[in-house]
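In full-length UniProt numbering, the protein residues as written are 1 to 562.
Take a look at the structure:
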């Protein structure tokens with residue numbers, strides 16, 4: 001039955017309904033059969049309607065008197081009996097109704113019906129988020145800020161109640177159910193045309209893989225953001241054509257590699273993720289011996305990057321693991337307690353230039369770095385922070401570099417879903433060298449400021465109707481139209497075009513004389529004033545005419561370009 005709540009009502013209340021019906025039937029039948037007398041003393045029998053009317057108000061203890069005439073003693077005896085059986089029937093029915101209203105299954109079905117109505121009423125773009133925690137809460141906030149709705153599937157009642165207490169505006173519908181269930185995903189609206197993405201960031205890689213498979217079977221066009229922390233699961237996800245595979249440990253290893261070889265690339269990435277500005281100090285990592293505490297998923301990812309750069313590294317792992325590791329002159333692995341002073345001295349902490357605390361325990365990481373600082377005050381300290389709290393003790397511990405997988409997941413996920421061109425741009429530039437990155441950082445800083453805005457524009461009739469209309473008619477317009485200042489055509493706004501995506505062609509740092517085409521997707525770096533001007537040029541007929549011709553359009557004609 002589609003409406004499960006109605007089925008539960010009918011199923012649980014069928015006996016109380018039957019009891020009330022039988023009690024009424026007995027009472028009404030008796031009144032109809034028992035002979036009464038009218039005021040003249042003539043015998044009469046109550047009609048079925050009169051009997052039903054009298055029992056109706058008597059059974060509910062209202063009491064309007066004897067009707068249609070004064071009762072005989074036989075009738076009064078029967079009415080006395082009827083009062084007891086009908087009132088008892090009503091009490092039984094009301095008790096059953098109260099129990100039904102307290103039934104967890106019934107309440108769950110009521111909430112599911114409410115959830116279905118909420119999903120049906122969502123008309124704008126939305127994303128489905130599986131599981132509610134600090135990470136997904138931040139993703140929801142950033143999505144709402146960009147006018148993208150969010151729908152959550154959460155199995156735990158406590159977590160679901162936490163979400164409700166957050167009081168997001170607009171409301172975030174939450175479905176209590178299994179995230180991997182195809183039924184739950186369908187109810188959450190994965191098949192709707194305005195469902196633009198699904199996020200699964202569970203710690204269990206197998207669960208994430210199962211969710212990805214189910215989601216692709218339900219809607220092959222939905223964009224997936226799936227967490228993976230192992231190479232095997234990452235390859236499986238790519239085989240399923242998952243668009244965004246978020247591996248926080250690979251991202252951390254990549255950032256460490258950038259800090260070693262191309263710090264300006266890392267500066268660009270931090271700016272793209274809104275973590276830092278272009279004026280911040282370069283995140284330089286020294287060359288020399290590194291000590292890495294923890295050879296888990298993060299440690300193994302860091303190991304590959306250090307090995308690629310021929311960096312001397314000594315790993316410490318407290319538990320023996322079934323991993324392939326070959327000790328060489330540059331890389332060594334010791335099974336011991338990384339927090340032990342003698343162990344650190346034995347592996348050469350005094351000669352090391354940096355130490356990375358990469359275990360999954362924040363207390364252990366802090367203790368390791370405190371011990372290392374005492375043994376070598378000049379050593380660079382790098383740490384993995386696992387818990388995302390409002391107040392971070394790591395920030396007060398005078399640590400040189402903090403990597404937080406949770407925030408990396410937030411940045412990666414929101415950038416990929418909300419700012420897809422920015423995410424594509426970050427992946428392209430990660431393949432560039434230090435010289436290229438340094439030039440771009442300097443150009444952005446000198447042209448705009450230390451913290452440029454990112455603005456994405458698609459040249460279609462919805463986002464840029466005036467540009468799209470012109471391209472359809474005249475078919476030729478250059479990118480430089482967006483650089484025009486609407487206050488003075490002779491001036492140029494503070495803008496740097498970063499990327500044009502044309503079908504599958506990627507044009508990096510396009511020149512201002514690049515010819516535009518319909519459906520181009522363009523990524524700009526700019527300031528607030530330039531962003532407003534570009535929006536007006538794309539959407540306002542008068543501002544577009546001024547940017548194109550340098551003249552004010554004073555009258556409205558049928559054809560703009562006639």
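The beta-carbon is built from N, C-alpha and C at its ideal position, and this holds for glycine as well.
Checklist line | Paired residues, beta bridge with residue 401 - DSSP | finding: Residue numbering aside, residue 401 sits at position 401 when the chain shown is read from its first letter. According to DSSP, residue 401 bridges with 382.
Checklist line | Touching by the beta-carbon criterion (3+ pairs, under 8 Å), the stretch 507-523 and the stretch 471-487 | finding: yes
Item checked: Close Cβ partners of residue 205 (< 8 Å) along its chain, the five nearest in sequence each way excluded -> Locating residue 205 in the chain shown gives position 205, counting from the first residue. Hits under 8 Å: 227, 228, 229, 230, 233.
Next item on the list: For the stretch 484-508, list the alpha helix (DSSP H) runs that are entirely contained and at least 4 residues long, ordered along the chain.
Entry: none
Next item on the list: Pick out whichever of 474, 424, 18 has its Cα sitting closest to the Cα of residue 508.
Entry: Taking the first residue of the chain shown as position 1, residue 508 is located at position 508. Answer by Cα proximity: 424.
Notebook entry, point to check: Beta carbon of residue 268, beta carbon of residue 429: below 7 Å?
Noted result: One-based indexing of the chain shown puts residue 268 at position 268. One-based indexing of the chain shown puts residue 429 at position 429. Yes, these two residues count as a Cβ contact at 7 Å.
Next item on the list: Return the CA-CA distance between residue 58 and residue 50, expressed in angstroms with no decimal places.
Entry: Start at 1 with the first residue of the chain shown, and residue 58 comes out as number 58. Start at 1 with the first residue of the chain shown, and residue 50 comes out as number 50. Whole-angstrom Cα-Cα distance: 12 Å.
Note to self: Could you check whether the Cβ of residue 532 sits closer than 6 Å to any heavy atom belonging to the ligand NAP?
What the structure shows: This structure lacks the ligand NAP; in fact it carries no ligand of any kind.
Notebook entry, point to check: If you check the beta carbons only, do residue 455 and residue 332 fall under 7 Å apart?
Noted result: Taking the chain shown and counting its residues from 1, one reaches residue 455 at position 455. Taking the chain shown and counting its residues from 1, one reaches residue 332 at position 332. Contact: no.
Checklist line | Enclosing beta strand (DSSP E) for residue 529 [first to last residue] | finding: Working through the chain shown from its first residue, we reach residue 529 at position 529. Taken as a continuous stretch (DSSP letters only), residue 529 belongs to no beta strand (DSSP E), being part of the alpha helix (DSSP H) at 528-539.
Check: Using 8 Å as the threshold, is the stretch 292-307 in touch with the stretch 253-266, meaning 3 or more CB pairs across them?
Finding: yes
Notebook entry, point to check: Would you report the Cα separation of residue 452 and residue 279, rounded to the nearest angstrom?
Noted result: Counted from its first residue, the chain shown places residue 452 at position 452. Counted from its first residue, the chain shown places residue 279 at position 279. Taking the straight line joining both Cα atoms gives about 11 Å.
Next item on the list: Within the same chain, show all residues whose beta-carbon is closer than 8 Å to that of residue 196, passing over the 5 residues directly before and after it, in chain order.
Entry: Position 196 of the chain shown holds residue 196. Contacts found: 125, 126, 127, 148, 222, 223, 417.
Note to self: Taking the beta strand (DSSP E) that residue 227 belongs to, which residues open and close that run?
What the structure shows: The residue you call residue 227 lines up with position 227 of the chain shown. Where residue 227 is concerned, the enclosing beta strand (DSSP E) stretches over 223-227.
Next item on the list: Counting only the same chain and skipping the five closest in sequence on each side, list residues whose C-beta sits under 8 Å from that of residue 561.
Entry: Position 561 of the chain shown, counting from 1, holds the residue named residue 561. Its pLDDT being 45, under 50, residue 561 is placed unreliably in this model, and the coordinates cannot settle the point.
Notebook entry, point to check: Where residue 158 and residue 187 are concerned, what is the direct C-alpha to C-alpha distance, given to the nearest angstrom?
Noted result: Along the chain shown, one-based indexing puts residue 158 at 158. Along the chain shown, one-based indexing puts residue 187 at 187. Cα-Cα distance, rounded: 21 Å.
Checklist line | Member of 177, 385, 329 whose CA lies at the smallest distance from the CA of residue 407 | finding: Along the chain shown, one-based indexing puts residue 407 at 407. Nearest option by C-alpha distance: 385.
Margin query: Distance check for residue 25 and residue 48, CA to CA, integer angstroms please.
Written below: Taking the chain shown and counting its residues from 1, one reaches residue 48 at position 48. Taking the chain shown and counting its residues from 1, one reaches residue 25 at position 25. One C-alpha to the other measures close to 10 Å.
Next item on the list: Whole angstroms is fine: what's the gap from residue 477's alpha carbon to residue 516's?
Entry: The residue you call residue 477 lines up with position 477 of the chain shown. The residue you call residue 516 lines up with position 516 of the chain shown. Answer to the nearest angstrom: the Cα atoms are 6 Å apart.
Check: Any C-beta of chain D sitting closer than 7 Å to the C-beta of residue 331?
Finding: This model lacks chain D altogether, as it is built from one protein chain only.
Next item on the list: Grab me the residues of residue 90's own chain with a C-beta within less than 8 Å of its C-beta, minus the 5 sequence neighbours each way, in chain order.
Entry: The residue given as residue 90 occupies position 90 in the chain shown. Excluding sequence neighbours, residue 90 sits near 20, 59, 60.
Checklist line | Residue range of the beta strand (DSSP E) that includes residue 334 | finding: Looking up residue 334 in the chain shown gives position 334. Counting along the chain, the beta strand (DSSP E) containing residue 334 begins and ends at 331-335.
Check: How far does the alpha helix (DSSP H) with residue 388 in it reach, from first residue to last?
Finding: The sequence position of residue 388 within the chain shown is 388, counting from 1. Taken as a continuous stretch (DSSP letters only), residue 388 belongs to no alpha helix (DSSP H), as it is neither H nor E.
Next item on the list: Would you mind sorting residue 294 into buried or exposed? The rule is 16 or more other CB atoms within 10 Å of its CB.
Entry: Counting from one through the chain shown, the residue named residue 294 turns up at place 294. With 16 or more other Cβ atoms within 10 Å, it is buried.
Notebook entry, point to check: Between the Cα of residue 489 and the Cα atoms of 548, 96, 220, which residue gives the shortest distance?
Noted result: What you label residue 489 is simply residue 489 of the chain shown in a count that begins at 1. Nearest C-alpha to residue 489: 548.
Next item on the list: Could you tell me whether the stretch 331-347 touches the stretch 361-372, where touching means 3 or more Cβ pairs closer than 8 Å?
Entry: yes
Checklist line | Beta-carbon proximity check, residue 27 vs residue 67, cutoff 7 Å | finding: Counting from 1 along the chain shown, the entry for residue 27 is found at position 27. Counting from 1 along the chain shown, the entry for residue 67 is found at position 67. No, these two residues do not count as a Cβ contact at 7 Å.
Note to self: Suppose contacts are defined by Cβ-Cβ distances below 7 Å. Is residue 174 in contact with residue 160 by that definition?
What the structure shows: Working through the chain shown from its first residue, we reach residue 174 at position 174. Working through the chain shown from its first residue, we reach residue 160 at position 160. Yes, they are a contact pair.
Next item on the list: Go to residue 139, then tell me how far its alpha helix (DSSP H) extends in each direction, as first and last residue.
Entry: Within the chain shown, numbered from 1, the residue matching residue 139 stands at position 139. It spans 134-145 - the alpha helix (DSSP H) in which residue 139 sits, taken as one unbroken run.
Margin query: Using the three-state DSSP reduction, which class does residue 152 fall into: helix, strand or coil?
Written below: Start at 1 with the first residue of the chain shown, and residue 152 comes out as number 152. Here residue 152 sits in strand by DSSP.
Check: Cα separation between residue 603 and residue 97?
Finding: The displayed coordinates of the chain run from 1 to 562. Any statement about residue 603 would go beyond what the structure contains.
Check: With a CB to CB cut of under 6 Å and the five nearest residues on each side skipped, what residues in its chain are close to residue 553?
Finding: Translated into positions along the chain shown, residue 553 becomes position 553. So the qualifying residues of the chain are 542, 545.
Item checked: Nearest residue (CA-CA) to residue 70, options 365, 464, 38 -> Along the chain shown, one-based indexing puts residue 70 at 70. Answer by Cα proximity: 38.
Next item on the list: Find the nearest neighbour of residue 242 within the set 534, 351, 213, 419, judged by alpha-carbon distance.
Entry: Looking up residue 242 in the chain shown gives position 242. Minimum Cα distance to residue 242 is reached at 213.
Margin query: Quick check on residue 266: does DSSP put it in helix, strand or coil?
Written below: The count along the chain shown starts at 1 and reaches residue 266 at position 266. Three-state DSSP puts residue 266 in a helix.
Checklist line | Reduced DSSP secondary structure (H/G/I, E/B, other) of residue 36 | finding: Start at 1 with the first residue of the chain shown, and residue 36 comes out as number 36. It is a strand residue.
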